[in-house]
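Engineer: Handing you a structure now.
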């Protein structure tokens, strides 16, 4: 652990000039195993660290904790972006079955058959819908799901010109599923759905989520052509949070 701590301190040295003493101590505690990823994320954000800085530290830490050669051999061939490893305890969380690592998140391997489908209208059903979309939807499900306890932002803004889904952009249906999972999420602090096609229906879905999810400090919905009524509903749901955190235009 000591050698690992020294290595991570070296990796983080380029950020040291901008980090406070408290932030550097938290990074050292994370590297030495005295602090879990979720504890680091919460305390670093509370200390004023930016989302980008926290995410960079956690991704570097996750990369340094790759499965051992023995674990990789036991798991069999796998893509580097989704390595499957045996059941065990990783970063303080015990998994009873195999898990795979995606974007630094340890996710349970879902059985292809034999599991009962999630109840219609449930958070699990919405996460399953998102995963089925692949690409942007799978990334959204990973960050909105219960196994993410340290990645604090979700960027689904459309900068491709061609849209996130075949024939268009993220619309009301996708917004409904994102909002349903978001209402139950207690990790994300930043959501970007800019330059999509949410419409009034999608805006109302997200507004309902904002009334229950009070951890969000930044929500970007600009470029969706929202009408005045939709903006009013969203602004009301945002409540007394910092006005600049909700971007509608």
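In our numbering, the protein residues as written are 255 to 503. Positions of the beta carbon are idealized from the N, C-alpha and C atoms, including for glycine. Keep in mind the model is a prediction, meaning the values are calculated, not measured.
#1: Quick one: give me the first and last residue of the alpha helix (DSSP H) that residue 405 is part of.
#2: Rounded to whole angstroms, how far is the Cβ of residue 312 from the Cβ of residue 295, which I believe are closer than 8 Å?
#3: Between which two residues does the alpha helix (DSSP H) carrying residue 496 extend?
#4: Whose C-beta lies closer than 6 Å to the C-beta of residue 399 among residues of the same chain, with five residues either side of it excluded?
#5: Answer with buried or exposed for residue 494, where buried requires no fewer than 16 other C-beta atoms within 10 angstroms of its C-beta.
#6: Along the chain, where does the beta strand (DSSP E) that runs through residue 204 open and close?
#7: Tell me which residues share the same chain as residue 276 and place their Cβ nearer than 8 Å to its Cβ, disregarding the 5 neighbours each side in the sequence.
#8: How is the beta strand (DSSP E) around residue 445 delimited, first residue to last?
#9: Is the separation between the beta-carbon of residue 502 and that of residue 468 shorter than 7 Å?
#10: Which two residues bound the contiguous alpha helix (DSSP H) that contains residue 441?
#11: If you pair each beta-carbon of the region 425 to 436 with each one of the region 451 to 466, do three or more pairs fall below 8 Å?
#12: Indicate the three-state DSSP secondary structure (helix, strand or coil) for residue 452 in the structure shown.
#13: Assuming contact is defined by CB atoms lying nearer than 7 Å, are residue 489 and residue 470 in contact in what I supplied?
#14: Beta carbon of residue 388, beta carbon of residue 411: below 7 Å?
#15: Among all the DSSP beta bridges, which residues are the ones paired with residue 500?
#16: What residue range does the alpha helix (DSSP H) around residue 280 cover?
#17: Do you know offhand how far residue 307's Cα is from residue 391's?
#18: Return the chain-ordered list of same chain residues with a C-beta closer than 8 Å to the C-beta of residue 483, the five sequence neighbours on each side being excluded.
#19: Looking at the C-beta of residue 443, does it have a partner C-beta in chain D at a distance below 7 Å?
#20: Would you say residue 425 and residue 451 are within 7 Å of each other, going by their C-beta atoms?
Structural biologist: According to the structure shown:
#1: Here residue 405 is taken as the residue at index 151 of the chain shown, counted from 1. No alpha helix (DSSP H) holds residue 405; DSSP gives it neither H nor E.
#2: Here residue 312 refers to the residue found at position 58 when the chain shown is read from its first residue. Here residue 295 refers to the residue found at position 41 when the chain shown is read from its first residue. Going by Cβ atoms, the distance from residue 312 to residue 295 rounds to 7 Å, so yes, they are a contact pair.
#3: Indexing the chain shown from 1 puts residue 496 at position 242. It is not in any alpha helix (DSSP H) - residue 496 carries neither H nor E in the DSSP assignment.
#4: Position 145 of the chain shown, counting from 1, holds the residue named residue 399. Cβ contact annotation for residue 399 (same chain, cutoff 6 Å, sequence separation greater than five): 381, in chain order.
#5: As a position in the chain shown, residue 494 is number 240, starting the count at 1. So residue 494 ends up on the exposed side.
#6: Residue 204 is absent from the structure shown; the chain starts at 255 and stops at 503.
#7: Your numbering for residue 276 matches position 22 in the chain shown. A distance below 8 Å between beta-carbons, with the five flanking residues on each side excluded, links residue 276 to the following residues of its chain, in chain order: 301.
#8: Here the question's residue 445 lines up with position 191 in the chain shown. Going by DSSP, residue 445 is part of the beta strand (DSSP E) stretching over 444 to 446.
#9: If you number the chain shown from 1, residue 502 lands on position 248. If you number the chain shown from 1, residue 468 lands on position 214. Taking 7 Å as the cut-off, the beta carbon of residue 502 is found no closer than this to the beta carbon of residue 468.
#10: Within the chain shown, numbered from 1, the residue matching residue 441 stands at position 187. Going by DSSP, residue 441 is part of no alpha helix (DSSP H) at all; its letter is neither H nor E.
#11: Yes, the region 425 to 436 is in contact with the region 451 to 466.
#12: Position 198 of the chain shown, counted from the first residue, corresponds to residue 452. Residue 452: coil per DSSP, three-state reduction.
#13: Counting from one through the chain shown, the residue named residue 489 turns up at place 235. Counting from one through the chain shown, the residue named residue 470 turns up at place 216. No. Outside cutoff.
#14: As a working note, residue 388 is residue 134 in the chain shown. As a working note, residue 411 is residue 157 in the chain shown. Result no, Cβ atoms of residue 388 and residue 411 do not sit closer than 7 Å.
#15: In the chain shown, the residue the question calls residue 500 occupies position 246. Answer by DSSP bridge pairing, in chain order: 473.
#16: Position 26 of the chain shown, counting from 1, holds the residue named residue 280. In the DSSP annotation of this structure, the continuous segment of the alpha helix (DSSP H) that includes residue 280 starts and ends at 275 to 286.
#17: Reading the chain shown from its first residue, position 53 is the one you call residue 307. Reading the chain shown from its first residue, position 137 is the one you call residue 391. Each residue's alpha carbon lies about 25 Å from the other.
#18: Here the question's residue 483 lines up with position 229 in the chain shown. In its chain, beyond the 5 residues on either side, 454 have a beta carbon closer than 8 Å to the beta carbon of residue 483.
#19: Included in the structure is just one protein chain, with no chain D present.
#20: The count along the chain shown starts at 1 and reaches residue 425 at position 171. The count along the chain shown starts at 1 and reaches residue 451 at position 197. Yes, these two residues count as a Cβ contact at 7 Å.
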